[in-house]
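Enquirer: Here it is, the structure in full.
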Amino acid sequence: MIESEKNILRGNLKKLRNSLSEHERDIANLAICKHISQLQEIMRAKIIAAYMPMKDEIDLVNFFAKFAEKQFCFPRCKAGNIKNTPDYEMAMTPRSTFRDNQISDYFTAGKFGIFEPVKGSPDISGDKIDVWLIPGVGFDSAGNRLGRGGGFYDRLLEKTSSIKIGVGYDMQLVADIPNGQHDQRMDIIITQKGVIRVEK
């Protein structure tokens, strides 16, 4: 029942997100990067888990460039993984990656065409990450997140108590996201309109 509700909501939210013009996306992306940059949690963090965006996700490259002194890590499909639903690990990139615009040197297209750290980039366990920046299809003010349906982030996050920040457009914020047993909740949600801190 929950999965059926999620699929319907996922379809509706993807249509809304895809309706944004390139200009609207650019303006929203800049505003979201600014909000993230001003968070105390980001200021204090030494290691930040982030993501390289798919076409319809928030692009955080401006944020990466501004905080190039931070250590960033990104999801990477585990080596030798041949399952239909792959498992992911987090892998680090050099601090010079975004400062010197060396993205093409340290990223390669992964299973779904998503850029991920190249083979040989050191992996890192979730308990060493201070803050996670996590994309989503939808969010609600209780911190529930609707992903693409693969459960990748839920598995990555299940063993960490680090700060989890959901990143999305304001139109992706809805009244209620169906919440399953293994779904991981966000601590903070960022949209172009501002910062939502989830009450515990």
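Just so we're aligned, residue -8 is where the sequence shown starts under my numbering, counting upward by one.
Heads up, the beta-carbon is just placed ideally off N, CA and C, and yes, glycines get one too.
In this text the structure is predicted, and so the values were computed from the model without any measurement.
1) Taking the alpha-carbon of ILE49 as reference, which of GLY171, MET162, ARG188 has the nearest alpha-carbon?
2) Considering just the uninterrupted stretch of the alpha helix (DSSP H) at VAL128, what are its terminal residues?
3) Do you know how far the Cα of VAL109 is from the Cα of CYS68?
4) Quick one: is GLU107 buried, meaning 16 or more other Cβ sit within 10 Å of its Cβ, or exposed?
5) If the criterion is Cβ atoms closer than 8 Å, does the pair HIS26 and ILE181 meet it?
6) For PHE65, count neighbouring Cβ atoms within 10 angstroms of its own Cβ and tell me buried if that reaches 16, exposed if not.
7) What's the C-alpha gap between LEU4 and GLY159?
8) Taking the alpha-carbon positions, what's the ALA166 to TYR144 distance?
9) ASN92: buried (16+ other C-beta within 10 angstroms of its C-beta) or exposed?
10) Answer yes or no: do TYR42 and LEU147 have a C-beta to C-beta separation smaller than 8 Å?
11) Would you call the CB atoms of ARG86 and ASP47 closer than 8 Å?
12) Can you tell me where the beta strand (DSSP E) with ARG90 in it begins and where it stops?
13) Does DSSP put TYR97 in a helix, a strand or coil?
14) Please confirm whether ILE179 and ILE187 have their CB atoms less than 8 Å apart.
15) From the DSSP secondary-structure annotation, give me the bridge partner or partners of LEU164.
Expert: Let me spell this out:
1) When only C-alpha atoms are compared, the closest one is MET162.
2) VAL128 -> no alpha helix (DSSP H), and no H or E assigned at all.
3) In a straight line, the C-alpha of CYS68 is about 10 Å away from that of VAL109.
4) Its Cβ being crowded by 16 or more others within 10 Å, GLU107 is buried.
5) Yes, Cβ-Cβ distance for HIS26 and ILE181 is below 8 Å.
6) Buried: at least 16 other Cβ atoms inside 10 Å.
7) When rounded, the distance between both Cα atoms is 11 Å.
8) Near 22 Å, if we compare the C-alpha coordinates of TYR144 and ALA166.
9) Classification for ASN92: exposed.
10) With contacts defined by Cβ atoms closer than 8 Å, TYR42 and LEU147 do not form a contacting pair.
11) Pairing ARG86 with ASP47 gives a Cβ-Cβ distance that is not under 8 Å.
12) Where ARG90 is concerned, there is no enclosing beta strand (DSSP E), although the alpha helix (DSSP H) around it starts and stops at 87 to 90.
13) Three-state result, TYR97: helix.
14) The answer is yes: Cβ separation under 8 Å.
15) DSSP, once it has assigned bridges, lists PHE130 as partnering LEU164.
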